[in-house]
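Before any comments, here is the structure.
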Amino acid sequence: MSRRWMHLLIIVTLTSFVVTACTGGGTTSRPPAGTTSSAAASAAEPTEEPSGAEPSGAEPSGAEPSDAVPPADISGTLEILAKYADADEIATTRYDIFTGMYDALDVVFTEADFQAPAFLAAVQAGTPPDVVRMSRELIGTYAANGALEPIDSCITDRQIDMSQYREAAVTAATFNGQVYGIPEFYDSRIIYLNDSVLEDAGVTADQLDTSDWDGLAALNQQLLVTDGSDITRIGFDPRLPETLPLWAAANGASLLSEDGLTSNLDDPAVAEALDFAASLVLAHGDPATFSDFRTTGPGGVDFFGGENQFVVDTLAAMPLEQWYMNVLADASPDEAVSFAPFLDRQGNPLTLAAGAAWVIPAAADNKAAACEFMRVITTSDAWFAASQARADIRAEAGELYTGTYTANSVADERIFSELVTEETAGQYYEGVQVALDGLDSAVNIPTTAAGEEFTMIWQQAVQSVLQGTPAADALAQADADAQEAIDDAQP
Numbered sequence: 021m022s023r024r025w026m027h028l029l030i031i032v033t034l035t036s037f038v039v040t041a042c043t044g045g046g047t048t049s050r051p052p053a054g055t056t057s058s059a060a061a062s063a064a065e066p067t068e069e070p071s072g073a074e075p076s077g078a079e080p081s082g083a084e085p086s087d088a089v090p091p092a093d094i095s096g097t098l099e100i101l102a103k104y105a106d107a108d109e110i111a112t113t114r115y116d117i118f119t120g121m122y123d124a125l126d127v128v129f130t131e132a133d134f135q136a137p138a139f140l141a142a143v144q145a146g147t148p149p150d151v152v153r154m155s156r157e158l159i160g161t162y163a164a165n166g167a168l169e170p171i172d173s174c175i176t177d178r179q180i181d182m183s184q185y186r187e188a189a190v191t192a193a194t195f196n197g198q199v200y201g202i203p204e205f206y207d208s209r210i211i212y213l214n215d216s217v218l219e220d221a222g223v224t225a226d227q228l229d230t231s232d233w234d235g236l237a238a239l240n241q242q243l244l245v246t247d248g249s250d251i252t253r254i255g256f257d258p259r260l261p262e263t264l265p266l267w268a269a270a271n272g273a274s275l276l277s278e279d280g281l282t283s284n285l286d287d288p289a290v291a292e293a294l295d296f297a298a299s300l301v302l303a304h305g306d307p308a309t310f311s312d313f314r315t316t317g318p319g320g321v322d323f324f325g326g327e328n329q330f331v332v333d334t335l336a337a338m339p340l341e342q343w344y345m346n347v348l349a350d351a352s353p354d355e356a357v358s359f360a361p362f363l364d365r366q367g368n369p370l371t372l373a374a375g376a377a378w379v380i381p382a383a384a385d386n387k388a389a390a391c392e393f394m395r396v397i398t399t400s401d402a403w404f405a406a407s408q409a410r411a412d413i414r415a416e417a418g419e420l421y422t423g424t425y426t427a428n429s430v431a432d433e434r435i436f437s438e439l440v441t442e443e444t445a446g447q448y449y450e451g452v453q454v455a456l457d458g459l460d461s462a463v464n465i466p467t468t469a470a471g472e473e474f475t476m477i478w479q480q481a482v483q484s485v486l487q488g489t490p491a492a493d494a495l496a497q498a499d500a501d502a503q504e505a506i507d508d509a510q511p
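Following this note's numbering from start to finish, the sequence shown increments by one per residue and tops out at 511.
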């Protein structure tokens, strides 16, 4: 194994351990596929939106999507690093469309999610899957190490219209001027507000304004409840460490230069943002106690269930991905929740974009079939068919449907104009509109060759600040470490 590959394997292994330690288990990812980021949670990259339903078993369409691209000349075996047996209808409906179009192709699902060490081992052995779903934040790392195939020729040969995908998602899947992935889901963050907690504290939803940091700090203090050193209710959870890029952007800063070559972690505006976001946690007392309460306390331990933090009133508000509305609509549909956009310090809507992309390993055996698979399952028609399947399942069960948020803006326009209405989304329709309004104001960390290591470094800095280190000091060291990692990772 080359020195470069050995270094990468060490980094991806350390990242999974260090990030878990940094978050104290507090980072919340989508459930795995079938029940259903960030690069921080890449060891088990989230896949589908949580459905709360069994796979649909929907009949494949057997017809090519109406984008009028001629059928591909593909054959042989296509190995896909993804689950089918345990996947939900959002996945299986799209997969079935593809297999219905190419029934002579032998399609094999690995029935596993992306795991960095296993993927690297397969690449080193020369036996990687043909097509892989991974976090877009990881693409630079693997592209720089030669593990991924640029897909520019795939895009041209299969007439893939990249303008249908959201610009931020395509940018995140691009490294050194070449596209390496087709974006799939598109996660963004909105503010969730617990109506009953706000009422109990004598606060109205319009008082919670993330553009007013002094006001937000005071409101956090008013909303939180402690009993000695014990926490009984979280006020405003800033969702550190994973939201540092969002808080920095709200303060006019970015953790990384647009070209991915220069760390900006020592920017005073980043330090100011981290100091403030950390202060929202520290207002509750010991950060370890906060993390434990958020994760294993009442509500936190059943984050995806019917006894979540909103039901048991152990949280007032937080910024979280928009897909959590589907969780609440399924698990606690009668709980009163309000929604608001995250605002920067000038009062402009702002959100943090994340999600996965489909990529082709450089050593894949069937790149042509992999290219066609990525194209077909991310067309607007495939997305709409999958969303229709989910909407039908929820309607039959008497459940609300708040939408499927894709990286395909054409698909989203149809999904949210035809399938998601005030009737189908119920009280969550307000949140849907907040999420949709913020999609074009999304920021993400620029693609870098040191993607995983960079994430590990800045998340360690967050943890250090929560333990008492001044943000400027923690980030100065992090900046030096990050710049060294970026320089060393260049191909």
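Note that CB positions come from ideal geometry on N, CA and C, so glycine has one too. In this text the structure is predicted, and so the values were computed from the model without any measurement.
Top-ranked residue by Cα proximity to residue i, from the options
| i | options | result |
| --- | --- | --- |
| S274 | P261, L363, V290, Q179 | V290 |
| A111 | D133, A124, D172, D126 | D133 |
| S216 | S299, F205, Q329 | Q329 |
| D385 | P149, L266, Q483, T130 | P149 |
| A417 | I254, T475, A349 | A349 |
| I117 | L228, F393, A145, A189 | F393 |
| A455 | S173, T371, R434 | T371 |
| R156 | E187, Q227, S358 | E187 |
| F205 | I211, Q510, T398 | T398 |
| Y162 | A88, R395, A382 | A382 |
| A377 | L260, T191, Q480, T315 | T191 |
| E219 | T315, D250, A336 | A336 |
| Q342 | F362, D354, A107 | F362 |
| N517 | P318, Q198, W267 | As shown, the chain starts at 21 and ends at 511. That puts residue 517 outside it, with no answer to give. |
| D312 | F296, D286, D250, Y344 | D250 |
| T334 | D257, L276, D364, T263 | D257 |
| D508 | R178, E433, L281, A269 | L281 |
| E262 | V332, A373, G248 | A373 |
| L285 | L264, V301, A270 | L264 |
| L439 | A415, E327, D457, A356 | A415 |
| L236 | D287, V301, T246, E327 | V301 |
| A351 | A360, V331, P369, T467 | V331 |
Neighbour flag for residue i against chain D, beta carbons, 8 Å
| i | result |
| --- | --- |
| D501 | Protein chains in the displayed structure number just one, and chain D is not present. |
7 Å CB neighbourhood of residue i in its chain, flanking five on each side removed
| i | result |
| --- | --- |
| V379 | V152, M154, I159, L168, Y200, G201 |
| E442 | Y449 |
| L244 | R253, I254, G255, A303, H304 |
| D93 | none |
| N271 | A289, E292, A293, R365 |
Rounded separation between residue i and residue j - CA only
| i | j | result |
| --- | --- | --- |
| E522 | D322 | Since the first and last residues shown for the chain are 21 and 511, residue 522 lies out of range. |
| A409 | T113 | 7 Å |
| G375 | F324 | 19 Å |
| S299 | A293 | 10 Å |
| Q241 | Y425 | 34 Å |
| S208 | V452 | 11 Å |
| T55 | G423 | Caution is warranted here: a pLDDT of 33 is assigned to T55, below 50, making its placement in the model unreliable, and no coordinate value can be reported. |
| Q480 | A189 | 26 Å |
| A88 | T130 | 30 Å |
| D306 | M338 | 19 Å |
| Y119 | S95 | A quick correction: the sequence has Thr, not Tyr, at residue 119. Near 12 Å, if we compare the C-alpha coordinates of S95 and T119. |
| D501 | A308 | 25 Å |
| I175 | S283 | 31 Å |
| N346 | D460 | 21 Å |
| D106 | I100 | 14 Å |
| Q135 | V485 | 29 Å |
| G326 | I413 | 19 Å |
| A41 | D247 | With a pLDDT of 49 at A41, under the threshold of 50, the modelled position of this residue cannot be trusted; read the value that follows with caution. About 26 Å. |
For residue j and residue i, believed in contact at Cβ under 8 Å, the rounded distance
| i | j | result |
| --- | --- | --- |
| Y9 | Y115 | Nothing in the structure corresponds to residue 9, since the chain is present only between 21 and 511. |
| L340 | Y212 | 6 Å |
| A469 | P511 | 7 Å |
| F139 | A164 | The Cβ separation is near 15 Å, so there is no contact. |
| F474 | A505 | 6 Å |
| A360 | L228 | 6 Å |
| I477 | A498 | 5 Å |
Residues of its chain near residue i, where Cβ-Cβ distance is below 8 Å and the 5 sequence neighbours each way are ignored
| i | result |
| --- | --- |
| L98 | L125, D126, V127, V128, D150, V151, N386, A389, A390, F393 |
| P170 | A163, Q198, V199, Y200 |
| W233 | F296, R365 |
| M182 | I175, V190, V199 |
Own chain residues within Cβ distance below 6 Å of residue i, not counting five before or after
| i | result |
| --- | --- |
| S358 | L213, D215, A225 |
| A64 | Residue placement at A64 is flagged as unreliable, the pLDDT there being 33, under the threshold of 50; the coordinate-derived value follows with that caveat. Same-chain partners within the cutoff: D133. |
| W403 | T426, N428, A431 |
Runs of 4 residues minimum, wholly inside the stretch 326-357: which ones carry the alpha helix (DSSP H) assignment? 329-332, 344-351
Inside the stretch 93-126 only - beta strand (DSSP E) runs reaching at least 3 residues: 97-101
Taking only runs of the beta strand (DSSP E) that begin and end inside the stretch 231-307, which ones reach a length of at least 3 residues, in chain order? 245-247, 250-256
Whole alpha helix (DSSP H) runs in the stretch 436-466 with 4 or more residues, listed along the chain? As summarised for the stretch 436-466, the continuous alpha helix (DSSP H) elements at least 4 residues long and confined to that stretch are 442-445, 449-458, given in chain order.
Which ranges does the beta strand (DSSP E) cover as unbroken runs of at least 3 residues, wholly within the stretch 137-211, from first to last along the chain? Entirely contained in the stretch 137-211, the beta strand (DSSP E) runs reaching 3 residues are, in chain order, 151-155, 201-203.
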